[in-house]
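So the structure is just underneath, and the comments pick up after that.
There are 2 protein chains.
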Amino acid sequence: MADQLSRVFAALADPTRRDMVARLTEADHTVNDLAAPYDVSLQAVSKHLKVLEDAGLVSRTREAQRRPVHLEAEVFDLMTKWIERYRRQAEERFARLDAVLARMQDDDSTAPTATTQQQEGTAS
Amino acid sequence: MADQLSRVFAALADPTRRDMVARLTEADHTVNDLAAPYDVSLQAVSKHLKVLEDAGLVSRTREAQRRPVHLEAEVFDLMTKWIERYRRQAEERFARLDAVLARMQDDDSTAPTATTQQQEGTAS
DNA sequence: CCACTGTTCAACCAGTTGGTTGACAACTGG
DNA sequence: CCAGTTGTCAACCAACTGGTTGAACAGTGG
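Taken in order, these protein sequences are the chains called A and B. For the first sequence, the UniProt record's numbering assigns the number 1 to the initial residue and increments by one for each residue that follows. For the second sequence, the UniProt record's numbering assigns the number 1 to the initial residue and increments by one for each residue that follows.
Spelled out as structure tokens, the structure:
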């Protein structure tokens, strides 16, 4: 099956599932309960829940005939970590780039072939 | 097409695309350049890039025959906002729940059959 | 100008997704 | 125990995905 991070992103790529997650932050819900607002069959909702469960975003227990669905919010951290890591990296890079540009402006005697990495030096 | 948030999540649900994004935080890259590490055709990579572009995660300009790919890191905020909003909401709810449980423990005169209506709170 | 490099478009294919309906399983509670 | 409520499983379908190959387009540079 794909790694968990992929499953989490994929699970949240569907608006209906995102809405379910949003509602589950307020309170646990039964399947019927969850299904009510959407114009799809109960089975479809059950499938959505399976996707969320496989991603580790929700868990289900039993309580009488009902299967209360509970949000496992810790999984959010998985995404947050990934996103923040690369966001930070991108920001640092932009900072570096700004510095380079500033330096170039500063003393424009710099050779244009100045060992900048890939595209970076493309100050056309 | 779907809304942008869905497209962004869907785009990042693929490990190859996540890796491309990761590499693009370091520097811009051409398509060939990007494709090098992966064992798929150039056309497949081109498709992945289209997905990332449709999600607003990257932009492409022209430079001679090359099409340098550039990361648009701001889009990360879209996800971060969504995630953080609901994470916070979930945390607040858990805090509330803890409070309720603490209170119940405090004066255990509470009827044990205390109508667990929805699942918990009723404190909406 | 024309060959070459870099990239995309088009058609196709297998596998997945999100939905459907119908049957059935699990559990309560009268 | 049996009827009723709640939810899942199975089979099916259309649409989408991620990959392929072959052809075409864009732009440079000899």
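Using N, Cα and C, we set each Cβ at its ideal position, and we do this for glycine too. Keep in mind the model is a prediction, meaning the values are calculated, not measured.
Which residues does DSSP pair with residue i in a beta bridge?
| i | result |
| --- | --- |
| residue 63 of chain B | B:66 |
| residue 71 of chain A | A:58 |
Going straight from the alpha carbon of residue i to that of residue j, what length do you get?
| i | j | result |
| --- | --- | --- |
| residue 68 of chain B | residue 20 of chain A | 39 Å |
| residue 13 of chain A | residue 5 of chain B | 7 Å |
| residue 83 of chain A | residue 45 of chain B | 22 Å |
| residue 71 of chain A | residue 55 of chain B | 27 Å |
| residue 36 of chain A | residue 43 of chain A | 12 Å |
| residue 61 of chain A | residue 24 of chain A | 14 Å |
| residue 95 of chain A | residue 86 of chain A | 14 Å |
| residue 22 of chain B | residue 32 of chain B | 16 Å |
| residue 28 of chain B | residue 52 of chain B | 14 Å |
| residue 184 of chain A | residue 80 of chain B | Absent from the structure is residue 184 of chain A, since the part of chain A shown begins at 1 and ends at 124. |
| residue 90 of chain A | residue 92 of chain B | 31 Å |
| residue 73 of chain A | residue 47 of chain A | 20 Å |
| residue 128 of chain A | residue 75 of chain A | For chain A, the structure presents residues 1 to 124; residue 128 of chain A sits outside this window and is missing. |
Ends of the alpha helix (DSSP H) at residue i?
| i | result |
| --- | --- |
| residue 53 of chain B | 42-54 |
| residue 3 of chain A | Taken as a continuous stretch (DSSP letters only), residue 3 of chain A belongs to no alpha helix (DSSP H), as it is neither H nor E. |
| residue 15 of chain A | 15-24 |
| residue 35 of chain B | 31-35 |
Here's the rule I'm using: 16 or more other beta-carbon atoms within 10 Å means buried, otherwise exposed. How should residue i be labelled?
| i | result |
| --- | --- |
| residue 77 of chain A | exposed |
| residue 9 of chain A | buried |
| residue 88 of chain B | exposed |
| residue 1 of chain A | exposed |
| residue 58 of chain A | buried |
| residue 15 of chain A | exposed |
| residue 64 of chain B | exposed |
| residue 40 of chain A | exposed |
| residue 99 of chain A | exposed |
| residue 114 of chain A | Residue placement at residue 114 of chain A is flagged as unreliable, the pLDDT there being 38, under the threshold of 50; the coordinate-derived value follows with that caveat. Label assigned to residue 114 of chain A: exposed. |
- Taking any Cβ of chain A, which residues in the region 12-30 of chain B have a Cβ under 9 Å from it, in chain order? 12, 13, 14, 15, 18, 21, 22, 24, 25, 26, 27, 28, 29, 30
- Residues of the region 38-70 of chain A with a CB closer than 7 Å to any CB of chain B: list them in chain order, please. 68
- Contact residues within the region 78-90 of chain A, judged by C-beta distance below 9 Å to chain B: 79, 80, 82, 83, 84, 85, 86, 87, 88, 89, 90
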